[in-house]
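S.K.: Following this message is one structure expressed as structure tokens.
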Amino acid sequence: MSNLRMAQPQKCAAVVVGAGPAGLAVVGNLLEKQLGGKIAWVDPLFQGGRINQRYREVPSNTKVCYFQAYATAVQPFRTVIENTRIPNPFTTMAKLDQNKTCHLHHAIDVVRALTDGITKMDRVLPCRGVVTAANLAEKTATWTVRIRLQDSQDEVEVLTPRLVVCTGSSPTEVSISVPGHHIERLDLDVVLKPSDLVSHLPRDKPLTVAVVGASHSAILALLNLVDLARTSHPELRIKWFTRHSLRYAEFMDGWILRDNTGLKGSAADFARQQLEDDKLPHSEAGRFITKVYCGDNQEQAQYERHLPSCSYLVQAVGFTRDPLPELSINGSSLEPEFDPVSGGFRDSNGRVVRGLYGAGIAFPERVVDPYGNVEHAVGFFKFMNFVKRVYSALYVSPLVGRYDVNKYNNFANKSSISHDSNSPDAYPSRKCV
1 MSNLRMAQPQ
11 KCAAVVVGAG
21 PAGLAVVGNL
31 LEKQLGGKIA
41 WVDPLFQGGR
51 INQRYREVPS
61 NTKVCYFQAY
71 ATAVQPFRTV
81 IENTRIPNPF
91 TTMAKLDQNK
101 TCHLHHAIDV
111 VRALTDGITK
121 MDRVLPCRGV
131 VTAANLAEKT
141 ATWTVRIRLQ
151 DSQDEVEVLT
161 PRLVVCTGSS
171 PTEVSISVPG
181 HHIERLDLDV
191 VLKPSDLVSH
201 LPRDKPLTVA
211 VVGASHSAIL
221 ALLNLVDLAR
231 TSHPELRIKW
241 FTRHSLRYAE
251 FMDGWILRDN
261 TGLKGSAADF
271 ARQQLEDDKL
281 PHSEAGRFIT
291 KVYCGDNQEQ
301 AQYERHLPSC
311 SYLVQAVGFT
321 RDPLPELSIN
331 GSSLEPEFDP
341 VSGGFRDSNG
351 RVVRGLYGAG
361 IAFPERVVDP
371 YGNVEHAVGF
381 FKFMNFVKRV
391 YSALYVSPLV
401 GRYDVNKYNN
411 FANKSSISHD
421 SNSPDAYPSR
431 KCV
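Written out as structure tokens, the structure is:
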């Protein structure tokens, strides 16, 4: 797939790192704006990122119509859809109930089909590999991006005024220790993939799995473990460690309370029907789950009391940004700080880093709801909305001096607004009700 075989660095209008839903959204928007010049797109696989590798079997917390809105949000995507042989992932998704959720394999198959079409476009330079380093020469506002090619391990360089990192995140692991007791870690990714989980745990002996958390992924972990316990693993039991009561997304008048943090879809249904305090003692899930309350500063004490009886520990406490390539400015190391309002970065002195942008689960938008609650907007269509709304700075040359820095800061100020980050109103043909 890579066409980067040149001895001299190639100049590109932009370099986009990562081919998950956010990276694809960025490339689609850049193509629509017709920057002039090619867009170098870098990824080891070009198969939809971590979601395709790990989370195809996960029920989404997003309605199908929002995935449809994502897939039709820019003209290059619509062009791919129009030129893809039927049947295809787009026609499959169109047949689903638009106002219900779906398993992520439907959504990620759409992403993969769009990716296949976009990488064939003349203005896209797909590069199967990883970015190892990037240096900004401030005098020329040019990034030199080093790419290690997947198939040859050769390194090549690309020169660009725009570098967009959509590098993803992985499940967070925090230190949980109980003196004198070692507990085996169970990867959240395994627990969220029933086809792997069923063979990962022994069936022929009693075992207890500790689940820490009360988020969407934690509830899905409980659901998958309960399914095992009532079918193939009858001696499996679960201890559920949580610091607070269950929290649900609530549909308000034109917006969603706890849109990014509350339970939705099948996870919410399972929680309401079987995990609430008044339901758990009498539900099917309650046959296998023991709830351990860890609020009021009881966490460590509860771990010490209950973890010694557990065989495995799975943490569902969020996601941590994956490491960035080695970044520098004029040869000096850069530890950039993401601005979740503008989509850009600042250095340790608070100065805007020219031409550097982020998007996706690693670099989500900060949103404020009408009640003043602050969240980070994570989801395919939310990534698309963020890119569309604040990334106008991507479409002008960083080499304009003070004007562009002021323009960037104006975007940051204008973008600090309250809104429903998952609203399809910009795309009337794809309404959700």
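Take 1 as the starting number for the sequence shown in UniProt numbering and just add one per residue.
Built from N, CA and C at the ideal position, the CB exists for glycine as well.
These numbers were taken from a predicted model, which means no experiment stands behind them.
Could you check the C-alpha separation between residue 30 and residue 162 for me, to the nearest Å?
M.R.: Cα atoms of residue 30 and residue 162: separation of roughly 11 Å, rounded to the nearest angstrom.
S.K.: Does residue 281 come out as helix, strand or coil in the three-state DSSP assignment?
M.R.: helix
S.K.: Pair every Cβ in the segment 337-344 with every Cβ in the segment 140-159, then say whether three or more of these pairs are closer than 8 Å.
M.R.: no
S.K.: Over the uninterrupted beta strand (DSSP E) stretch that includes residue 243, give me the two end residues.
M.R.: Counted as a single uninterrupted DSSP element, the stretch harbouring residue 243 is not any beta strand (DSSP E), since DSSP gives it neither H nor E.
S.K.: For residue 85, count the other beta carbons within 10 Å of its own beta carbon; 16 or more makes it buried, fewer makes it exposed. Which is it?
M.R.: exposed
S.K.: With DSSP collapsed to three states, give me the class of residue 28.
M.R.: helix
S.K.: Under the assumption that residue 238 contacts residue 289 (Cβ atoms under 8 Å), give the Cβ distance between them as a whole number of angstroms.
M.R.: Yes, they are in contact, since the Cβ atoms of residue 238 and residue 289 sit about 5 Å apart, within 8 Å.
S.K.: In the DSSP assignment, find the beta strand (DSSP E) that holds residue 129 and state where it starts and stops.
M.R.: 124-137
S.K.: Measure from the C-beta of residue 316 to each C-beta in chain D and report whether the shortest distance is under 8 Å.
M.R.: Among the protein chains of the structure shown there is no chain D, as only one such chain exists.
S.K.: So what does residue 361 bridge to, in DSSP terms?
M.R.: Answer is none; residue 361 lacks a bridge partner.
S.K.: Taking the alpha-carbon positions, what's the residue 365 to residue 265 distance?
M.R.: 23 Å
S.K.: Tell me the DSSP secondary structure of residue 56 in three-state form.
M.R.: In this structure, residue 56 counts as coil in the three-state DSSP scheme.
S.K.: Can you give, in chain order, each stretch of the alpha helix (DSSP H) that sits fully within the segment 153-219 and has at least 4 residues?
M.R.: 188-191, 194-200
S.K.: Let's test the definition: count the other Cβ atoms within 10 Å of the Cβ of residue 352 and tell me whether it reaches 16, buried, or not, exposed.
M.R.: buried
S.K.: Quick check on DSSP: helix, strand or coil for residue 315?
M.R.: strand
S.K.: Would you check if the segment 153-168 and the segment 9-17 touch, i.e. whether three or more CB-CB distances between them fall below 8 Å?
M.R.: yes
S.K.: Using a Cβ-Cβ cut-off of 7 Å (strictly less than) and excluding sequence neighbours within five positions of residue 427, which residues of its own chain qualify?
M.R.: Confidence is the limiting factor: at residue 427 the pLDDT is only 33, short of 50, which leaves the residue's position unreliable, though a coordinate-based value still follows. Apart from the 5 residues on each side of it in sequence, residue 427 sits with its Cβ closer than 7 Å to the Cβ of 69, 72, 73 in its chain, given in chain order.
S.K.: Would a C-beta distance cut-off of 8 Å place residue 188 and residue 209 closer than the cut-off?
M.R.: no
S.K.: Just the Cα atoms here: how many angstroms apart are residue 202 and residue 235?
M.R.: 10 Å
S.K.: Drop a sphere of 10 angstroms on the beta-carbon of residue 174, count the other beta-carbons inside from all chains shown, and report buried for 16 or more, exposed for fewer.
M.R.: exposed
S.K.: Tell whether a beta-carbon distance below 8 Å holds between residue 242 and residue 285.
M.R.: no
S.K.: Quick one: residues in its chain with C-beta nearer than 8 Å to the C-beta of residue 279, no 5 flanking neighbours on either side, listed in chain order?
M.R.: 272, 273, 286
S.K.: Does DSSP put residue 388 in a helix, a strand or coil?
M.R.: helix
S.K.: Once the 5 residues before and after residue 331 are set aside, which same chain residues still bring their CB inside 7 Å of it?
M.R.: 135
S.K.: So is residue 126 buried or exposed if we call it buried at 16+ other beta carbons inside 10 Å?
M.R.: buried
S.K.: Have a look at residue 329 and residue 295 and give me their C-alpha separation to the nearest angstrom.
M.R.: Looking at the two C-alpha atoms, the distance is approximately 45 Å.
S.K.: Would you mind sorting residue 435 into buried or exposed? The rule is 16 or more other CB atoms within 10 Å of its CB.
M.R.: Residue 435 is absent from the model: the chain starts at 1 and stops at 433.
S.K.: Using only the alpha-carbon positions, how far apart do residue 143 and residue 394 sit?
M.R.: 14 Å
S.K.: Label residue 385 either buried or exposed according to how many other C-beta atoms from any shown protein chain fall within 10 Å of its C-beta, with 16 as the threshold for buried.
M.R.: buried
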